[in-house]
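The structure under discussion appears below in the form of structure tokens.
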Amino acid sequence: MGLFSRLFGSKTNKQPLPVEPVEYKGYQIYQEAMAESGQYRIAGRIEKEIDGELKSHRFIRSDVLSSKSDADEFMLKKAQMFIDQMGSDIFK
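Be aware that the sequence shown starts at 2, since it is given in this note's numbering, and climbs by one per residue.
What follows is the structure, encoded as structure tokens:
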């Protein structure tokens, strides 16, 4: 890779790696922390198939943490708490 492409970024289209979901009580939780100003915003989605239709709820929190793994772990805990409190009402 040349000096200029390291400085200004290459023109290759980097796709984010696919996220493996965490299963919790029949729901699939996708941890998708978002890089922002050297930190990571807590974000993700919860999905579940209901009556043959895939339902999805995406959320982005205002919290930012210094590492991606911390942001993903916090998101997982928040998603599990949200599922416990709301159940299938998440998708209404």
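Each residue gets a CB set at the ideal place from its N, CA and C atoms; glycine is no exception.
Cut-off 7 Å between Cβ atoms - residues of its own chain near Gly27, not counting five sequence neighbours on either side:
Closer than 7 Å at the Cβ level, and outside the excluded window around Gly27, lie Lys49.
For Glu50, the first and last residue of its enclosing beta strand (DSSP E):
Gln40 to Ile51
Can you tell me whether Ser89 is helix, strand or coil according to DSSP?
helix
Short check: CB of Ile47 to CB of His58, under 8 Å?
Here Ile47 is near His58, since their CB atoms are less than 8 Å apart.
Enclosing beta strand (DSSP E) for Ser57 [first to last residue]
Glu54 to Leu66
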